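Sequence order for the protein chains is H and E.
Just add 41 to wherever you are in the first sequence, counting from 1, and you've got the numbering used here.
Just add 1466 to wherever you are in the second sequence, counting from 1, and you've got the numbering used here.
Backbone N, C-alpha and C fix where the C-beta goes; we use that ideal spot for every residue, glycine too.
From a predicted model like this one, the values you see are computed outputs, not experimental measurements.
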Amino acid sequence: MNTRLATIALLSGTVALAGCAKKAPEQLPPAPEQTTTDQGTTVAPVGDTGPTLGTQAHFEDAVNGQNVIYFDTDRFNIDSADAAALQTQAQYLSRYGAISITIEGHADERGTREYNLALGERRANSAKNYLISLGVDANRIRTVSYGKERPVALASNAAAWSQNRRAVSVVIN
Amino acid sequence: MKQLIFALALFAIPLATSPLAAQSSDLGTPVAEGGSVETLGQAEAEEGGLSFTVTDESDWSDIGVAIAGFAADRDRPTPANANGTAALGREISRVITANLRNNGIFRPVGPDSLPQPSFAQITSPSWGSWSGRGVEMLVHGYVSARADGRLTVGCYLYDVALQDELIREGWVVPPADWRRAAHKCSDLIYSRLTGESPFFDSRIAYIAETGPKDKRIKRLAIMDSDGANHRFLTLGSATALTPRYSPDYKKLLYLSYVDGNPRIYVYDIGTGRQQLVAETGNPTLAPRWSPDGRNILYSMAVGGNTDIYRVPAIGGRSVRLTDTPGIDIGGSYSPDGSKIVFESDRSGTQQCYVMDADGSNQRRLTFFGGRCATPEWSPRGDQIAFTRIAGDFNIAVMNPNGRNLRVLTSGWQDEAPTWAPNGRIIQFFRTTRNSGRSALWQVDLTGRNERRLKTPVDASDPAWGPILP
């Protein structure tokens, strides 16, 4: 039922979803009241004063900040650290069956623009495919590439570039 | 009237149904299309008699050209200049002077440091006053306001030593297009003296950038080849990238995030309307026109795997041209439309490949150290420009067989070459380390004449169109 709802939302709401995806992950969308009642009864809330279920903050809290995975230059493979992070994400997604996510793929600035858009899409799909292999329904995962257009680290050095080569999982509200 | 019919016809055959009203939400007011320029049937001067001596082509920058103020038959009011046709004549000469400067070929002297010829002297130069000025070439011209409101602009090139006319031409332009007459005169001079094809009467589409590095606002913009007549086409609420002018200048292909996803659109400049190029749930990237404007190349990522597709510009079925695992992207047609050079990482790194226009006979072109990205076939067909990645990013050219690599620039990150219509100058964008600020630059094929093209704000993704129709 939850999955079905999510699927319908995915299929029918391209514009609405796009609206969410355009926001930076730090900008938290308001939490829907209804989502809480949709969840299974086995999972306790993160905390009485913690973030509301259905928000990005709730997700990031629950996966302990492992909603971002990082890649080597020009690579898109899932290494062991990425795998551990994605397993945590998969656990969260299996626990909260109504949650859908967008995986945003990014590249560092040291690439040509169009190639980086394709590379970001490839990285987002690597993360998506890994989550699917862990049992997450493909219909609950959307991807979008921002190429080199949205860096988080602003310097032009190896440390900054390694932070920017990333795939970020963002809760779709 | 013809243009109106054409526009209606375009709308009758939509490329793809695009019901999203949101698609147009980032579009600015459409810009008025330019009027037509009519070339007057003036006889050209006799061939031959080019008198300046060129002992070494590298010394061509020593060709002194005096561009005197264009004379008005009578000083009349014109919408093209608040001070009338006489002032407009001098302004046209200034535009020509600026065009001829910085190409490494000419040493132009503009109207502000030269005597102003009378209208009668335009066809009969006062040789004595020019021969002592150390210039080999003399440009005269005139402006005349016609009864129908349009302007007639005449352009004459003289050899000072020979005291003879080399070439002349005239154009009738709407007042709003007076700069095009200046560009056509620049092209006439450039072509006559270098033997190369013209390029000044052309436009550039690019992406105007503002804001901090992590919140960059990117807007679609267009301008003349000299930066004049600058217009923003999108408002900046959605990121716009990688524009390409259609060969007839009526449309622009570009990538927009207006619906939240990277998708390519075709924007009709006259109507200000745009449509998706391909109706698909997948990201579409890297739009390109075929030389005849009948086909569009685009790259589409499906499940993370990017391939190149071709679709008729009037809409229809897409044909997939590449099918290797990995990223096949971009594509630039040879001028005759028979081949496509493109970028692929099928070998493990970005390299340039060539294929027939139907996707057959794919083979790798580049085997030098480093990577090859964003290949662009010269409009002359004799060179391919690309981004060479070997530590830093630089603009380079090679022969269409992948040989004779020549690196033309030495910035930290020089990217995305686009050719002038005559294939002699390459424009690109240069990004500054750390700040992320970017600007448009151009370089000639020797690599020695490099200059920045001024834009109102930061700039990237230039796309130089052909000579205006």
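Sequence-distant partners of ASP1690(E) (beyond 5 residues in either direction) whose C-beta falls short of 6 Å from its own C-beta, in its chain, are ARG1669.
Nearest neighbour of LEU1566(E) by Cα position, chosen from ILE1774(E), ARG1914(E) and ILE1533(E), turns out to be ILE1533(E).
Relative to the Cα of PHE1895(E), the nearest Cα in the group LEU1871(E), THR1589(E) and PRO1928(E) belongs to PRO1928(E). Sixteen is the threshold: when 16 or more other Cβ atoms of the shown chains lie within 10 Å of the Cβ of ASP115(H), as they do, the residue is buried. Straight through space, the alpha carbons of ALA1642(E) and ASP113(H) are spaced by roughly 53 Å. SER1810(E) sits close to ASP1794(E), with the two beta carbons spaced by under 8 Å.
Close to chain H, meaning a Cβ-Cβ distance shorter than 9 Å, are the following residues of the stretch 1872 to 1886 of chain E: TRP1878, GLN1879, GLU1881 and ALA1882. Residue range 121 to 136 is occupied by the alpha helix (DSSP H) that includes GLN128(H), with no beta strand (DSSP E) assigned at that position. Apart from sequence neighbours up to five positions away, the residues of its chain that approach THR1495(E) with a beta-carbon distance below 8 Å are GLY1738, ordered along the chain.
For a Cβ distance threshold of 9 Å, nothing in chain H lies close to ALA1687(E): the least Cβ distance comes to about 16 Å.
Boundaries of the beta strand (DSSP E) harbouring ILE1633(E): 1630 to 1639, taken from the DSSP string. Taking 8 Å as the threshold, the shortest C-beta distance from GLU145(H) to chain E does not fall below it. Membership of VAL177(H) in any beta strand (DSSP E) is not indicated, and neither H nor E is assigned to it by DSSP.
Sixteen is the threshold: when 16 or more other Cβ atoms of the shown chains lie within 10 Å of the Cβ of ARG1854(E), as they do, the residue is buried. Using a CB distance cut-off of 8 Å, ALA196(H) counts as an interface residue toward chain E.
Judged by pairs of C-beta atoms under 8 Å, the stretch 1604 to 1613 of chain E touches the stretch 1555 to 1572 of chain E, as three or more such pairs exist. When 7 Å is used as the limit between beta carbons, LEU1751(E) is near these residues of chain H: GLU155, LEU158 and ALA159, in chain order.
For a Cβ distance threshold of 7 Å, nothing in chain H lies close to ASN1860(E): the least Cβ distance comes to about 12 Å. In this structure SER210(H) is buried. Its beta-carbon is surrounded by 16 or more other beta-carbon atoms within 10 angstroms.
For the pair GLU1675(E) and LYS1684(E), the CB atoms are nearer than the 8 Å cut-off. Think of a sphere of 8 Å around the beta carbon of ARG181(H): no beta carbon from chain E falls inside it, the nearest being about 15 Å out. Nearest to THR1700(E) by alpha-carbon distance, out of VAL1497(E), LEU1763(E), LEU1654(E) and ALA1862(E), is VAL1497(E). Less than 8 Å divides the Cβ of ALA1823(E) from the Cβ of GLY1803(E). Looking at the DSSP output, HIS147(H) bridges to GLY188(H). By the CB criterion at 8 Å, PHE100(H) and SER167(H) fall outside the cutoff.
Pairwise C-beta distances place the stretch 1584 to 1593 of chain E out of contact with the stretch 1560 to 1574 of chain E, as fewer than three of them are shorter than 8 Å.
Closer than 9 Å at the C-beta level to chain H, one finds these residues of the stretch 1892 to 1907 of chain E: THR1897, THR1898, ARG1899, ASN1900, SER1901 and GLY1902. The beta carbon of SER141(H) does not come within 8 Å of any beta carbon belonging to chain E, so the residue lies off that interface. Only THR1705, LEU1707 and THR1708 from the stretch 1689 to 1721 of chain E bring a Cβ to less than 7 Å from some Cβ of chain H. Of all residues in the stretch 1587 to 1619 of chain E, none comes within less than 9 Å of chain H when Cβ atoms are compared. Of all residues in the stretch 1790 to 1803 of chain E, only ILE1793, ILE1795 and GLY1796 come within less than 7 Å of chain H when Cβ atoms are compared, listed by chain position. PHE100(H) carries a helical assignment under DSSP once its states are collapsed to helix, strand and coil. Per DSSP, TRP1644(E) is one residue of the alpha helix (DSSP H) stretching across 1644 to 1660. By the Cβ-count criterion, VAL1785(E) is exposed, with fewer than 16 other Cβ atoms from all chains shown falling within 10 Å of its own Cβ. Taking 8 Å as the CB threshold, ASN118(H) stays off the interface with chain E. Taking 8 Å as the threshold, the shortest C-beta distance from ARG163(H) to chain E falls below it.
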